[in-house]
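These notes concern the structure reproduced below.
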Amino acid sequence: MPVGYLFTVALVAIGTLFALRPVPFSRPLGRPSYYFGLAANELPFAAFFWFLLLPTALAFAEGDIHSAGGWAVVALAAVTAIGLAVIAYRALGERARIERAMDLGLGAGWRAAIDADLSAGLRRRPPWARILFLPIFKRRLDVRRVANLAYGDAGLRNLLDLYHHRSRPSGAPVMIHLHGGTYSGGHKNSQSLPLLYHLAGQGWVCVSANYRLRPQAQHPDHLIDLKKIIAWVREHAHEYVADPSTLFVAGSSAGGHMAALAALTPNDPAFQPGFEDADTSVTGAIYLNGWYGTYWDHGAESSPLAHITADAPAFFVAHGDLDPQVPAADARHFADRLRQTSAAPVVYAELRGGNHAFDLYHSVRFEAVVDAIEGFTAWVRSRERRAIPSDSRATGSTDKQDRSRLVP
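First residue of the sequence shown: 28, per this note's numbering; consecutive thereafter.
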């Protein structure tokens, strides 16, 4: 029995099984299911090549397949390969499904409404070289990361990383991203890096930040930290020749929950102690594999659902239909409530076969989401340009009163 070959194939087989049928977190196998299934679900091509095809070829080349046990492992590898093919097929259809979601949220022909200069920079096809050969490597040579900038007085938990193109183009829009971790763990420079590096490579200034965690911090401490980050960006953006009047806030899991709360409570002094006059409004929000309910043992006011108004900014929401931590029904409910109330566009993309934390790798699925986010932000930016009076554009005004007159 080729033990090393068996171990490798069995590991991929378990991951593939849990990717196809994830176990809810509330059940005993929920966490192992999630951790085993995540990589197989997002990296089926790498799993097939490095952990099935190559080990099988080596096993045959070394003469290890000479018994019934050896052939049984080959059979398990073949069945696992079929499972990975199903996973890859689901992911390959994501781009078309997201495109339909964009049509529904922004209107058919939404691409034609994007200004020509922004449309020219949109990516038209998946980055197959990265997806197939470098899915776990996030950095780009044309992007500089400025690490550990302090935005508050909470030490390590009040540091942010800033990403910008090495050419430092002027007037760069800004994207702030908050990591997940149930408000109890996680750190900057971990999630949605393919998104941040791609946007920075396209001339954006992107921010990934830490924030205070439970149990030392409680709601609304985390939200206050995000508001401080927004205020910091508005104060320091000129140092990176960025335009803080175009600012999107994004987050994954708990970070998405926080980003939505920030987007829905602009300039609320209750969440801006000591910096009440800072402009914390945002251009739009990106909500990835988020939490939509209340904060631990807090009341309804700690949920984004409690803060939806007609003045809400544009939202892009993406959620996997196989998310074992947060049911897709919760994401649908949030998007529906937002559409019913908000005057701004809402894009809801439900990802077929998507698990929680689908935003970790350069996967087929997440690269389709990245391209959709870039298209969504370009559409929103084009709409804002047409809504801002020409004299405001000329002076670069970011005054709260000027921003309040913008059409969402």
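We put the CB at the ideal spot given by N, CA and C, even for glycine.
Could you spell out the range, first to last residue, of the alpha helix (DSSP H) harbouring GLU401? In the sequence shown, the residue the question calls residue 401 occupies position 374. Its alpha helix (DSSP H) spans residues 391-414.
Of the listed residues TRP323, TRP318, PRO354, ALA287, nearest to SER308 (C-alpha basis): Along the sequence shown, read from residue 1 onward, the residue named residue 308 stands at position 281. Comparing Cα positions, the closest option is ALA287.
For SER235, the three-state DSSP class (helix, strand or coil): Here residue 235 refers to the residue found at position 208 when the sequence shown is read from its first residue. Reduced to three states, the DSSP call for SER235 is strand.
Can you name the residues that DSSP bridges to PHE275? Looking up residue 275 in the sequence shown gives position 248. DSSP lists MET202, GLY311 as partners of PHE275.
Rounded separation between THR35 and ALA177 - CA only: Here residue 35 corresponds to residue number 8 of the sequence shown, with the count starting at 1. Here residue 177 corresponds to residue number 150 of the sequence shown, with the count starting at 1. Roughly 44 Å separates the two Cα atoms.
Counting only the same chain and skipping the five closest in sequence on each side, list residues whose C-beta sits under 7 Å from that of ARG172. Here residue 172 refers to the residue found at position 145 of the sequence shown. Within the same chain, ARG172 has close Cβ partners ASP188, TYR190.
So the candidates are GLY90, LEU103, ALA108, PRO49; which of them puts its Cα closest to the Cα of ALA74? Counting from one through the sequence shown, the residue named residue 74 turns up at place 47. For the residues GLY90, LEU103, ALA108, PRO49, the minimum Cα distance to ALA74 belongs to ALA108.
Does DSSP put ALA174 in a helix, a strand or coil? The sequence position of residue 174 within the sequence shown is 147, counting from 1. Of the three classes helix, strand and coil, the one that applies to ALA174 here is strand, per DSSP.
Taking only three categories from DSSP, how would you classify LEU187? Stepping through the sequence shown from its first residue, residue 187 is reached at position 160. LEU187 falls in the strand class under three-state DSSP.
Once DSSP output is grouped into helix, strand and coil, what is the label at GLU266? Position 239 of the sequence shown holds residue 266. Helix, per DSSP.
Under the three-state DSSP convention, the category ALA139 falls into: The residue given as residue 139 occupies position 112 in the sequence shown. It is helical.
Under the DSSP definition of a beta bridge, which residues are partnered with TYR375? Within the sequence shown, the letter at position 348 stands for residue 375. VAL344.
I'd like to confirm the pairing. Which residues does DSSP put opposite HIS192 in its beta bridges? Numbered from its first residue, the sequence shown carries residue 192 at position 165. For HIS192, which the question treats as bridged, DSSP gives the partners VAL170.
According to the Cβ coordinates, are ILE114 and SER390 closer than 8 Å? Along the sequence shown, one-based indexing puts residue 114 at 87. Along the sequence shown, one-based indexing puts residue 390 at 363. Contact flag unset, no.
Cβ pair VAL232, VAL201 closer than 8 Å: Here residue 232 refers to the residue found at position 205 when the sequence shown is read from its first residue. Here residue 201 refers to the residue found at position 174 when the sequence shown is read from its first residue. Result yes, Cβ atoms of VAL232 and VAL201 sit closer than 8 Å.
Buried or exposed (CB count within 10 angstroms, at least 16 for buried), HIS93: Within the sequence shown, the letter at position 66 stands for residue 93. So HIS93 counts as exposed.
Run of the alpha helix (DSSP H) containing ALA305, from where it starts to where it stops: Walking along the sequence shown from the start, residue 305 turns up at place 278. Where ALA305 is concerned, there is no enclosing alpha helix (DSSP H), given that its DSSP letter is neither H nor E.
For ARG408, collect the residues of the same chain with a Cβ closer than 8 Å to its Cβ; drop the 5 residues on either side in sequence, then sort them by chain order. Counted from its first residue, the sequence shown places residue 408 at position 381. These residues qualify, in order along the chain: ASP142, LEU145, PRO200, THR273, THR310.
Just to confirm before moving on: does the CB-CB distance between ASN316 and ALA384 stay below 8 Å? Position 289 of the sequence shown, counted from the start, is the residue given in the question as residue 316. Position 357 of the sequence shown, counted from the start, is the residue given in the question as residue 384. Against a cut-off of 8 Å, the Cβ pair of ALA384 and ASN316 comes out as a contact.
Report the residue from GLY64, GLY326, PRO331 whose alpha carbon sits nearest the alpha carbon of PHE45. Position 18 of the sequence shown, counting from 1, holds the residue named residue 45. With distances taken between Cα atoms, PHE45 lies closest to GLY64.
Which one of TYR62, ALA405, THR404, VAL396 has the shortest CA to CA distance from GLU121? Residue 121 sits at position 94 when you count from the first residue of the sequence shown. That would be VAL396, whose Cα lies nearest to the Cα of GLU121.
Report the rounded CA-to-CA distance for PRO296 versus ALA67, giving the unit in angstroms. Counting from one through the sequence shown, the residue named residue 296 turns up at place 269. Counting from one through the sequence shown, the residue named residue 67 turns up at place 40. Going by the C-alpha atoms only, they are around 45 Å apart.
So, is VAL434 buried or exposed, given that buried needs 16 or more other C-beta atoms within 10 angstroms? As a working note, residue 434 is residue 407 in the sequence shown. At VAL434 the pLDDT is 29, less than 50, meaning the model places this residue with poor confidence; the figure from the coordinates comes in the next sentence. Label assigned to VAL434: exposed.
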